[in-house]
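Its first residue numbered 26, the sequence shown is counted upward by one per residue in our numbering.
Every residue gets a Cβ at the ideal spot worked out from N, C-alpha and C, and that includes glycine.
Remember, it's a predicted structure, so these values are computed and weren't measured experimentally.
To keep things clear, I will list the structure first and then write my remarks on it.
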Amino acid sequence: MNLPVQIFTGTTVLNTVLVWLSAAAFLVGATINMSGHSKIRAGFVQLGFPFWWCWVTGALELLTAVLLVTAGSRYIGVALGTCIMLAAIVAVVRIRNYRELPPPMLFLLLLMLAGVSGHA
Numbered sequence: 026m027n028l029p030v031q032i033f034t035g036t037t038v039l040n041t042v043l044v045w046l047s048a049a050a051f052l053v054g055a056t057i058n059m060s061g062h063s064k065i066r067a068g069f070v071q072l073g074f075p076f077w078w079c080w081v082t083g084a085l086e087l088l089t090a091v092l093l094v095t096a097g098s099r100y101i102g103v104a105l106g107t108c109i110m111l112a113a114i115v116a117v118v119r120i121r122n123y124r125e126l127p128p129p130m131l132f133l134l135l136l137m138l139a140g141v142s143g144h145a
């Protein structure tokens, strides 16, 4: 079956798993943020963003997931996802709510591993 878009398959099994795991993590994050649940909106307000920023973040996370699994655009997805996670880390550190650091740090680690795994 010919798809209009080429799906990413890595040079190694590890590379493929890391990229798809990163994409899945961003897809879950996008789904949670785009749900717009009152707790999600309140969390964004606590971080200093407008309540509607959860939908912007969710859309960018969804775009990141798509770019990660689309052949030829993995590095664009890694760059976008890195910007999103660095912004999240800075926002959390700015309000000194260090309990909230593990999720964006884990996402960033997955992205870094997915970004370099094809070069090992």
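Cutoff 6 Å; reference residue i; Cβ partners in own chain excluding five residues on either side
| i | result |
| --- | --- |
| L52 | A90 |
| L54 | For clarity, residue 54 is Gly in the given sequence; the question names Leu instead. If we look at G54 and ignore the five residues flanking it on each side, its Cβ neighbours are E86. |
| A139 | L43, V44 and S47 |
| L133 | M110 |
Status (buried if at least 16 other CB within 10 Å, exposed otherwise) for residue i
| i | result |
| --- | --- |
| V118 | exposed |
| I109 | buried |
| T82 | buried |
| N122 | exposed |
| V94 | buried |
| P75 | exposed |
| V103 | buried |
| A113 | buried |
| P129 | buried |
| L135 | buried |
Helix, strand or coil at residue i [DSSP, three-state]
| i | result |
| --- | --- |
| T107 | helix |
| I32 | strand |
| T95 | strand |
| L131 | helix |
| L85 | helix |
| W177 | Residue 177 is absent from the structure shown; the chain starts at 26 and stops at 145. |
| T56 | helix |
| N122 | coil |
| T41 | helix |
| A145 | Unreliable placement is indicated for A145, whose pLDDT of 41 sits below 50; the coordinate value is still reported in the next sentence. Three-state DSSP puts A145 in coil, outside helix and strand. |
| L72 | coil |
| G61 | coil |
Other residues of its chain near residue i: CB distance less than 7 Å, five sequence neighbours each side excluded
| i | result |
| --- | --- |
| L131 | none |
Short CB-CB distance (under 8 Å) between residue i and chain C
| i | result |
| --- | --- |
| G73 | Absent here is chain C; the protein component of the structure consists of one chain. |
Close beta carbons around residue i, own chain, < 8 Å, minus the five adjacent residues each side
| i | result |
| --- | --- |
| I101 | L92 |
| G97 | Q31 |
CB-CB length for residue i against residue j, believed under 8 Å
| i | j | result |
| --- | --- | --- |
| G61 | W80 | 6 Å |
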